[in-house]
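Enquirer: Let me give you the structure first, and then I'll get to my questions.
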Amino acid sequence: MAQHNLLGHSGEETAARYLMREGYTLHELNWRCGHLEIDIVAEWYGEIVFVEVKTRRDERFGAPEEAVGTAKQAHLVRAANAYLRMHRIDSPSRFDIIAIVGERPPFTIRHTKHAFDVPTRTVFGTT
């Protein structure tokens with residue numbers, strides 16, 4: 013596996029452990045449907061949480077969370093809609109970003125809850 017893939021995988025594992033420590037229930041890790049992907053699908057008191065994990069060795073080129081621009085957000089919304097439809101879920105949901113910084117543990121972890129807003133009509137069950 014390429015070095016950047018190893019770092020990304022390590023970051024996703026770190027994010028999953030962090031969420032479990034914080035009391036989240038994990039439903040999926042690296043969920044895929046065709047070209048759609050969600051890093052982590054979790055639940056927090058009945059709310060479905062779609063988590064994008066961004067891992068960087070350092071912040072020389074900016075904070076990891078800055079890599080989640082409007083195109084990536086739109087991709088995440090499409091993936092979340094597919095997940096909700098496929099699992100017939102009609103619960104509140106949100107999008108979080110977990111930024112992991114460092115080359116090896118202990119990593120710096122930043123969790124941005126409600127990282128971006130989505131019009132309610134785009135989410136399954138509310139149209």
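So the sequence shown is numbered by the working numbering: it starts at 13 and just counts up by one. Positions of the beta carbon are idealized from the N, C-alpha and C atoms, including for glycine. The structure displayed is predicted, hence computed values, not measured ones.
1) Looking at the unbroken alpha helix (DSSP H) that takes in Lys84, where does it start and where does it end?
2) Along the chain, where does the beta strand (DSSP E) that runs through Val63 open and close?
3) So, are the CB atoms of Val65 and Glu24 less than 8 Å apart?
4) I need the DSSP call for Ser105, collapsed to helix, strand or coil.
5) For Ala75, does the three-state DSSP call read helix, strand or coil?
6) Who are the Cβ neighbours of Ala92 in its own chain at under 6 Å, not counting the five residues just before and after it?
7) Got a sec? Which residues, its chain only, sit under 6 Å from Thr26 by beta carbon, not counting five neighbours each side?
8) Would you decide whether Trp57 is buried or exposed? Buried here means 16 or more other CB atoms lie within 10 Å of its CB.
Expert: According to the data block:
1) Indexing the sequence shown from 1 puts residue 84 at position 72. Counting along the chain, the alpha helix (DSSP H) containing Lys84 begins and ends at Thr82 to Met98.
2) For the purposes of this step, residue 63 is taken as the residue at position 51 of the sequence shown. Note, Val63: beta strand (DSSP E), Glu59 to Arg68.
3) On the sequence shown, residue 65 is found 53 positions in, with the first residue counted as 1. On the sequence shown, residue 24 is found 12 positions in, with the first residue counted as 1. Yes, the pair counts as a contact, with Cβ atoms nearer than the cut-off.
4) Position 93 of the sequence shown, counted from the start, is the residue given in the question as residue 105. Strand at Ser105.
5) Position 63 of the sequence shown, counted from the first residue, corresponds to residue 75. In the structure shown, Ala75 sits in coil (DSSP, three-state: anything other than H, G, I, E or B).
6) As a first step, residue 92 must be located in the sequence shown, where it is residue number 80. Sequence-distant partners of Ala92 (beyond 5 residues in either direction) whose C-beta falls short of 6 Å from its own C-beta, in its chain, are Phe62.
7) To locate residue 26, count along the sequence shown from 1; it is residue 14. So the list reads Ile112 and Phe119, once near-sequence residues are dropped.
8) Within the sequence shown, residue 57 is the residue found at index 45, counting from 1. The identity of residue 57 in the sequence shown is Tyr, whereas the question assumes Trp. It counts as exposed.
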